[in-house]
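First the structure, in the form of structure tokens, and then the observations on it.
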Amino acid sequence: MTALGCTALIIGALVLGAVGGFVAARESRRRARPAGPTVAELLQRLVHTSDSGVVVLNKFGDVVLHNPRADELGLIRDHQADPRARKAAERALLAGESVPVDLSPLNRAGTALRGRGPAAVLGEVRPLGDGFAVVDAADESDSVRLEATRRDFVANVSHELKTPVGALALLAEAVLDAADDAGEVRRFSTKILHESTRLGTLVSELIALSRLQGAERLPELTTVDVDAVVEEALGRCRLAAESAGIEIAVDEPTGYLLDGDRTLLVTALSNLINNAASYSPPGSPVSISRRLSGDFVEIAVTDRGIGIEPEYHERVFERFFRVDPARSRATGGTGLGLAIVKHVAANHGGEVKLWSRTGTGSTFTLRVPRHGTTDGQPATAEPVTSADRAAGSAARSGTESADGVTTVETGGVR
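Here the working numbering runs 143 ahead of the position in the sequence shown, where the first position is 1.
As structure tokens, this is what we get:
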């Protein structure tokens, strides 16, 4: 072999060695790089785990891509996008800008659905270019309900405050006109005192209710003696009940404990007792009973009053709602007592339940998670020693009683 041939062989070997080394190094780096998802896979995960419903449509309105949340919100039905979304996508592609769209579920009559599931689904459609558009929608039911509640609250408060304020103005004018008549001045002054007291009670309950359902932080929960709560609530209500000829019967102390705010619990129970006394005929009994039900302490207030029609069972917990407005005005009620009870129960992780039958009476049961028992043993259901055992039992069962009366539960915030 010539020297030139040897040189060529050497150069070729070097080149092959360099190429082989480069390939080996690249393979080594590839193997050393940790395995993981690609960018496309990460984007797919992002879309599929989003709390918003996402649907990608082509220029023909066909579904190219969607996530499970879109199915839950009703954006996709039978593999087709909601017609409102397709129309909004057409407008977005033509205008080249985002278009808002209301995709709230509708029934066959074209009106908004009520009950379980999202009530308000709002979103927007954005053009992606090349004839594609994305529908991005979310469940805004809570925000819509909150805004509706706020509007109703302001309207109700304005109306309720006008009555005592207007009455005070008229009575003040009457006092001025009757300045020379001591008897008339005394009569009108008594009415002014009554209206001012009613106005003060209304303002106090509005403040309490706004704290319960607003952003203000509740006091720290402590261990509360249920018997002490019952005793204090009775102390607040006994005089008014005796004046109305109402006898209040109470079961024996139990020693039950729960975690809560004592002041709020006393307020809630006082409202239930006052409510029972206000809507009971003179001489009729009102009973208070306590028992354990699983992990809850239940305090039931039973009356033999006029009862509540079934269609009003849920509404009685609304602010300012009164089954009998004339009777409520006569007793000085504000229409906020049961709303406060509902929010106190909800803020303690509990609920308030109602059993009622017209002509028989009502049982309101406040249920709050228990802290423990005095003997440290597991809680067992105990019979209620109330004056109306049948009514109390139906109220606590949460089911339909033998005579077809249904217990209505009104829980938290919700």
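Glycine included, C-beta positions come from ideal geometry on N, C-alpha and C.
Ends of the beta strand (DSSP E) at residue i?
i, result
"serine 432", "428-436"
"aspartate 402", "400-403"
Determine the closest residue to residue i out of the options, with distance taken between C-alpha atoms.
i, options, result
"aspartate 194", "Ala321, Asp205, Arg212", "Arg212"
"glutamate 457", "Glu184, Asn490, Ala276, Lys485", "Lys485"
"leucine 509", "Leu407, Thr366, Ala183, Glu327", "Leu407"
"histidine 514", "Ser430, Leu400, Phe460", "Leu400"
"phenylalanine 331", "Ala310, Val207, Pro180", "Ala310"
"serine 286", "Ala276, Asp279, Asn490, Leu265", "Leu265"
"alanine 371", "Ile389, Thr410, Glu385, Arg341", "Thr410"
"serine 432", "Val318, Ala392, Gly326", "Ala392"
"arginine 434", "Gly480, Pro512, Asp225, Asn417", "Pro512"
"valine 197", "Asp225, Tyr422, Val182, Glu385", "Asp225"
"phenylalanine 439", "Lys496, Glu374, Ala325", "Lys496"
"valine 190", "Asp279, Pro180, Gly274, Glu494", "Asp279"
"proline 248", "Gly437, Lys305, Ala321, Ala263", "Ala263"
"aspartate 446", "Ile389, Leu289, Ala489, Arg381", "Ile389"
"serine 421", "Glu441, Gly398, Cys380", "Cys380"
"valine 206", "Ser339, Ile451, Phe275, Leu304", "Phe275"
"histidine 222", "Leu236, Gly204, Glu233, Leu345", "Gly204"
"glutamate 441", "Gly398, Ser423, Gly426", "Gly398"
"serine 436", "Ser423, Glu494, Ala482", "Glu494"
"serine 284", "Gly378, Ser423, Leu246", "Leu246"
"proline 261", "Pro270, Asp282, Val268", "Asp282"
"alanine 235", "Asn210, Glu267, Glu385, Ile219", "Glu267"
"proline 243", "Leu218, Leu382, Arg269", "Arg269"
"glycine 480", "Leu377, Ser427, Ala238, Glu461", "Glu461"
"alanine 315", "Gly403, Ser339, Asn414, Leu382", "Ser339"
"glutamate 454", "Leu237, Val444, Trp498", "Trp498"
Going by DSSP in three states, residue i sits in which element: helix, strand or coil?
i, result
"threonine 523", "Low confidence applies to threonine 523: its pLDDT is 37, below 50, so where it sits in the model is not reliable enough to give any reading."
"histidine 337", "helix"
"glutamate 461", "coil"
"isoleucine 483", "helix"
"glutamate 375", "helix"
"arginine 447", "coil"
"alanine 281", "strand"
"alanine 224", "strand"
"leucine 265", "strand"
"glutamate 454", "helix"
"leucine 246", "coil"
"alanine 321", "coil"
"aspartate 214", "helix"
"serine 423", "coil"
"aspartate 370", "helix"
"leucine 236", "helix"
"alanine 410", "The sequence as given places threonine at residue 410; alanine does not occur at that position. If DSSP states are grouped into helix, strand and coil, threonine 410 belongs with the helices."
"leucine 256", "Because leucine 256 carries a pLDDT of 47, less than 50, the predicted location of this residue cannot be relied on, and no value is offered for it."
"glutamate 395", "coil"
For residue i, which residues does DSSP report across the bridge?
i, result
"serine 241", "Paired residue(s): none; serine 241 is not in a bridge."
"proline 270", "Ala276"
"threonine 365", "Gly403"
"isoleucine 389", "Paired residue(s): none; isoleucine 389 is not in a bridge."
"arginine 229", "Arginine 229 pairs with nothing; no bridge assigned."
"valine 287", "The partner list for valine 287 (beta bridge, DSSP) is empty, contrary to what the question assumes."
"valine 440", "Leu435, Val511"
"isoleucine 219", "Ala224"
Please decide whether residue i counts as near chain B, where near means a Cβ-Cβ distance under 8 Å.
i, result
"arginine 433", "This model lacks chain B altogether; it includes just one protein chain."
### Query
Can you list, in chain order, the stretches of the beta strand (DSSP E) that have 3 or more residues and sit fully within the segment 486-519?
494-500, 504-515
### Message
So within the segment 179-211, which uninterrupted alpha helix (DSSP H) runs reach at least 4 residues, ignoring any that extend past its ends?
### Response
182-191
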